[in-house]
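Student: One structure is given below, represented as structure tokens, and several questions about it will come after.
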Amino acid sequence: MVAEIISGKEIAESIRAELKDEIAKLKAEKNLTPGLGVILVGEDPASQVYVGQKSKGCEEVGIFEETIRMPEDTSEQTLLDKINELNNDPKFHGILVQLPLPKHIDEKKVINTISPEKDVDGFHPVNVGKLMIGEKAFLPCTPHGVQQMLIRSGNDPAGKHVVVVGRSNIVGKPMTNILLQKKDGANATVTICHTGTPDISKFTKEADIVIAAAGRPNTITADMVKDGVVVIDVGVNRVDAPETKRGFRLVGDVDFEAVKEKAKAISPVPGGVGPMTVTMLLVNTTESAKRTLG
Ligand code: NAP
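See below:
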């Protein structure tokens, strides 16, 4: 069996096209323009790239976006005051503070200061808790994107055994909570593995769907999965590649070439989960704006 490739790039493009239409209608019929405020503290090069991608995505679909750049030595209180200003500004339906933050700023305090109604990253404890108990919440963008990739590629997780590798607060845990909801596009039996799992292959071999979010190349190899498995690779890892201009290339957590020979469907890196993450931020911001209509 040679796997079908689940292209996050193509799925993201189709979601963005749908959003563009929806936002045009919101503007024309309800006089409502979704707005996103992005706060970037410092000059971290990777963060600058991510913020640029978010800004470009907003422009593409018609979301009003403002990036607020603050210097590296911004005090914690100045940042919290800025967040409160955005919390109280009705033109922003979503607020995102780009992580990581400089060391002198308490990340938890910052996340807790964003109004849960504008927390389009889904990191505020109120949204985390709501997701856990099955109430309407903003879903963290990366696992939300993975769920859409499964549904839209015809691999509905309902009734399937899903093994998630990784238990971080931004990927593994919310992924698990999303897929075990008693709802359409979820309703799966979920196992979560981590570094405390003595033999993850014992579980991955039984999985109908494997979601790899460990942040290590070759965490999932062909001998660890069954024939016909569906694999979503969340990992993004730099490996040395002196022959390339940049000196490195990006790989996922899955031995893609070998696993694709056994899998029914598999997502690549790059071009898999990556493009979905920003797209789901746009979806969450639009959803937040729609909630103001009551
Ligand atoms: P993280 O905070 O480092 O968490 C990694 C998790 O994987 C931890 O729970 C860790 O277990 C577990 N783990 C690590 N090695 C393992 C192994 N060999 N076997 C089993 N479990 C293992 O990372 P993250 O933020 O969740 O991100 C995971 C990966 O996804 C990274 O490569 C990241 O770059 C990528 N990512 C991609 C996107 C995107 O948009 N494409 C977004 C977010 C993250 P312990 O808890 O026991 O330490």
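Taking my numbering, the leading residue of the sequence shown gets 34, the next gets one more, and so forth. Even glycine gets a Cβ: it sits at the ideal position worked out from N, Cα and C.
If you drop the 5 nearest sequence neighbours on each side, which residues of the same chain put their C-beta closer than 8 Å to that of G68?
Tutor: I96, F97, E98, E99, K124, F125, H126, G127, T318 and A322, listed in sequence order.
Student: If contact is defined by three or more beta carbon pairs under 8 Å, each pair taking one atom from either stretch, is the segment 287-300 in contact with the segment 65-84?
Tutor: At 8 Å Cβ cutoff, the stretches do not touch.
Student: May I have the straight-line CA-CA distance separating V159 from M165, to the nearest angstrom?
Tutor: Those two C-alpha atoms are separated by around 10 Å.
Student: Quick check on the DSSP output: what are the complete beta strand (DSSP E) runs of length 3 or more inside the segment 136-215, in order along the chain?
Tutor: DSSP runs (the beta strand (DSSP E)) wholly in the segment 136-215: 194-198.
Student: Whole-angstrom Cβ separation of V306 and T224, contact assumed at under 8 Å?
Tutor: Contact doesn't hold; Cβ gap of about 20 Å is too wide.
Student: With the cut-off set at 8 Å, would you say V284 and P308 are in Cβ contact?
Tutor: No.
Student: Going by DSSP, what residues sit across from A298 in a beta bridge?
Tutor: Answer is E37 and V263.
Student: Leaving aside the five residues before and after V263 along the sequence, list all residues of the same chain whose C-beta is less than 6 Å from its C-beta, in chain order.
Tutor: Same-chain partners within the cutoff: N188, I242, K297 and A298.
Student: If you follow the beta strand (DSSP E) that D256 is in, where does it begin and where does it stop?
Tutor: Per DSSP, D256 belongs to no beta strand (DSSP E) and is neither H nor E.
Student: Output the boundary residues of the beta strand (DSSP E) element that contains R102.
Tutor: That run of the beta strand (DSSP E) goes F97 to M103.
Student: Could you say if the segment 270-277 and the segment 229-244 meet the contact criterion of at least three C-beta pairs nearer than 8 Å?
Tutor: Short answer: they don't touch.
Student: Assign G155 to buried or exposed, taking buried as 16 or more other Cβ atoms, counted over all protein chains shown, within 10 Å of its Cβ.
Tutor: Its Cβ being crowded by 16 or more others within 10 Å, G155 is buried.
Student: Looking at V130: is its Cβ nearer than 8 Å to the Cβ of I116?
Tutor: Cβ atoms of V130 and I116: closer than 8 Å.
Student: Here's a check: name, in chain order, each residue in its chain whose Cβ is nearer than 7 Å to the Cβ of P173, leaving out the five neighbours to either side.
Tutor: If we look at P173 and ignore the five residues flanking it on each side, its Cβ neighbours are D154, G155, F156, I203 and P207.
Student: So the alpha helix (DSSP H) A291 belongs to, where does it begin and stop?
Tutor: Where A291 is concerned, the enclosing alpha helix (DSSP H) stretches over F289 to V292.
Student: Please determine, among V197, A255, A246 and L183, the residue with the shortest C-alpha to C-alpha distance to G268.
Tutor: For G268, the nearest C-alpha among the options comes from A246.
Student: Applying the 10 Å Cβ sphere with the 16-neighbour rule, what's the burial state of M34?
Tutor: Counting Cβ neighbours within 10 Å, M34 comes out exposed, since fewer than 16 surround it.
Student: Candidates E105, Q180 and P301: which alpha carbon is nearest A219's?
Tutor: Closest option to A219, Cα to Cα, is Q180.
Student: Taking Cβ positions, are I138 and P301 nearer each other than 8 Å?
Tutor: For I138 and P301, no; Cβs fall outside 8 Å.
Student: Hey, how far is the Cα of N270 from the Cα of G327?
Tutor: Those two C-alpha atoms are separated by around 42 Å.
Student: Could you tell me the distance, in whole angstroms, from the CA atom of V311 to the CA atom of S40?
Tutor: V311 and S40: Cα-Cα distance of roughly 15 Å.
Student: Which of the three DSSP states is assigned to G75 in this structure?
Tutor: In this structure, G75 counts as coil in the three-state DSSP scheme.
Student: Please determine whether the Cβ atom of H177 lies at a distance below 7 Å from any heavy atom of the ligand NAP.
Tutor: No, Cβ of H177 sits at least 7 Å from all heavy atoms of the ligand NAP.
Student: Pull up the distance between the alpha-carbon of V332 and that of I244, whole angstroms please.
Tutor: Any answer about residue 332 is impossible in this case: the structure gives the chain only from 34 up to 327.
Student: Please report the residue range of the beta strand (DSSP E) in which R271 lies.
Tutor: Note, R271: beta strand (DSSP E), N270 to D273.
Student: Reducing DSSP to helix, strand and coil, say where V223 ends up.
Tutor: Three-state DSSP puts V223 in a strand.
Student: Confirm the yes/no value for this check: CB of P201, any heavy atom of the ligand NAP, distance under 7 Å.
Tutor: A small fix is needed here, since residue 201 is Ser in this sequence, not Pro. The answer is yes for S201.
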